[in-house]
Structures are given as C-alpha cells and as structure tokens.
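In our numbering, the protein residues as written are 362 to 560.
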C-alpha cells in the first residue's frame with residue numbers, strides 16, 4: 362500500500378519548501394548545536410546559541426490567554442552566534458558558511474568583528490568558524506588572524522578568504538559522529554596548545 366503524505370505548500374501558499382542553500386545552513390547550525398549539547402552532557406563545556414533578536418510589530422489580542430504575534434521582523438544580530446565557558450575561559454564565536462571556495466568579508470558585520478576583538482582583548486577566546494560547503498571542510502580562525510586578513514583586504518589584498526588560506530592560517534575542524542563538529546579539539550590546539558582535548 363502506497364501512503365501519500367500531504368504537501369503543505371498546496372493549501373497554504375505562504376509556506377514554501379526550504380531552499381537547498383537554507384537547508385545546508387541549517388545542517389551546519391544544527392551540527393554545532395548538537396556538538397554543544399554533546400559537550401554539555403559530557404561536562405566539557407557550556408556553550409549556547411544566542412537567540413536572534415526579533416522586533417514584534419503587531420500582536421492580536423482576542424483574549425489575554427490567546428495573544429498571537431501577527432507581524433514580526435528579525436533585527437540585525439547584536440553580537441555573535443554562540444558564547445559560553447570552556448576550561449575556565451569565556452568563549453564567543455560567529456559561525457559562517459559559504460557556497461564558494463572562498464569566504465567573502467561582506468558576509469560578516471563589522472560590529473561582530475569588533476565584539477570578538479573585544480572578547481580577545483579581555484582574555485576570552487574569540488574566533489570565527491567557517492563551513493566551506495564545496496569542500497565539506499570547517500575551519501576555525503582566531504579573530505586576530507581574521508582581523509589581519511581583513512586589514513590586508515582593505516589595503517588592496519584579497520577580498521575573501523580562500524579555503525586554502527583559511528586552512529593555512531587556522532585549524533581544520535574534525536567532523537564526525539559524536540560530536541558532529543568537534544571544534545573544541547581545534548580550540549585546544551589553538552588556544553591551549555594541545556594535540557588532544559581534555560576528556
């Protein structure tokens with residue numbers, strides 16, 4: 362017997378199937394969220410995704426208990442995607458991805474870069490983690506290195522970070538099953554100068 366499942370886009374034109382680009386982005390973000398949950402459960406770190414600020418414009422109040430938001434917009438993110446504590450240090454990072462073999466500097470806000478530089482200035486760990494979809498590789502770049510590459514681009518250098526440059530200047534992140542994106546191993550190598558993470 363063949364089972365037919367309803368297509369939600371037929372009766373509701375406002376719904377649409379996620380684009381391939383968006384679904385890949387969600388895969389990367391979900392991988393980071395699952396990794397963070399793994400780290401928390403195994404008592405390695407406490408790192409959470411910050412909620413995206415939303416501006417509520419209109420609320421329908423038929424009754425107090427049935428209030429419903431009918432119009433809202435995403436605001437520009439105030440700082441970065443993730444923050445928390447690891448090995449007694451504050452950790453803060455922005456997660457980005459690209460469909461290309463290079464990551465354009467236009468895909469990150471200047472206030473996010475400034476925020477990560479401030480984190481590093483005050484003794485925290487600040488970095489950008491980039492997923493290069495074409496190669497299936499994830500690279501962790503310290504905010505200081507990212508800042509150097511950005512400054513070079515403003516002085517006539519490259520306007521983006523090719524995956525080869527990212528791998529040469531950053532740390533390649535191990536991808537696997539548990540956790541799916543083991544970026545803390547890269548953090549250990551870069552910030553704690555260890556070959557293997559603490560268990």
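Backbone N, C-alpha and C fix where the C-beta goes; we use that ideal spot for every residue, glycine too.
Secondary structure of residue 519, DSSP reduced to three states: Along the chain shown, read from residue 1 onward, the residue named residue 519 stands at position 158. DSSP places residue 519 outside both helix and strand once states are collapsed to three, so it counts as coil.
Integer-rounded CB distance, given that residue 500 should sit under 8 Å from residue 534: Residue mapping note: residue 534 aligns to position 173 of the chain shown, counting from 1. Residue mapping note: residue 500 aligns to position 139 of the chain shown, counting from 1. Right, the Cβ-Cβ distance comes to about 7 Å (below 8 Å), so this counts as a contact.
Residue 469 (DSSP reduced to helix, strand or coil): As a first step, residue 469 is located in the chain shown; it is residue number 108 there, counting from the start. Reduced to three states, the DSSP call for residue 469 is coil.
Residue 385 in three-state terms, based on DSSP: In the chain shown, counting from the first residue as 1, residue 385 sits at position 24. Low confidence applies to residue 385: its pLDDT is 48, below 50, so where it sits in the model is not reliable, and the reading given next is rough at best. Correct three-state label for residue 385: helix.
Contiguous beta strand (DSSP E) assignments of at least 3 residues, all confined to the region 473-510: Restricted to the region 473-510, the beta strand (DSSP E) segments that are unbroken, complete and at least 3 residues in length are 486-493 and 498-503, listed in chain order.
Residue range of the unbroken beta strand (DSSP E) whose run includes residue 418: The sequence position of residue 418 within the chain shown is 57, counting from 1. Its beta strand (DSSP E) spans residues 415-421.
Straight-line Cα distance separating residue 407 from residue 466: Start at 1 with the first residue of the chain shown, and residue 466 comes out as number 105. Start at 1 with the first residue of the chain shown, and residue 407 comes out as number 46. Distance between the alpha carbons of residue 466 and residue 407 is about 29 Å.
Alpha carbon of residue 518 to alpha carbon of residue 420, nearest angstrom: By one-based count along the chain shown, residue 518 stands at place 157. By one-based count along the chain shown, residue 420 stands at place 59. Going from the Cα of residue 518 to the Cα of residue 420 covers about 49 Å.
Alpha-carbon to alpha-carbon, residue 488 and residue 509: For the purposes of this step, residue 509 is taken as the residue at position 148 of the chain shown. For the purposes of this step, residue 488 is taken as the residue at position 127 of the chain shown. Answer to the nearest angstrom: the Cα atoms are 13 Å apart.
Inter-residue Cα distance where the pair is residue 431 and residue 424: Here residue 431 refers to the residue found at position 70 of the chain shown. Here residue 424 refers to the residue found at position 63 of the chain shown. Residue 431 and residue 424 have their C-alpha atoms roughly 14 Å apart.
DSSP state of residue 401 mapped onto helix, strand, coil: Reading the chain shown from its first residue, position 40 is the one you call residue 401. Residue 401 falls in the helix class under three-state DSSP.
Spatially closest choice to residue 387 from 447, 524, 458 and 448, by CA coordinates: Stepping through the chain shown from its first residue, residue 387 is reached at position 26. The candidate whose alpha carbon is nearest that of residue 387 is 458.
Residue nearest to residue 453 in terms of C-alpha spacing, selected from 475, 468, 433 and 530: The residue you call residue 453 lines up with position 92 of the chain shown. For the options 475, 468, 433 and 530, the alpha carbon positioned closest to that of residue 453 is the one of 475.
Euclidean distance between Cα positions of residue 394 and residue 442: As a working mapping, residue 394 is identified with position 33 in the chain shown. As a working mapping, residue 442 is identified with position 81 in the chain shown. Going from the Cα of residue 394 to the Cα of residue 442 covers about 11 Å.
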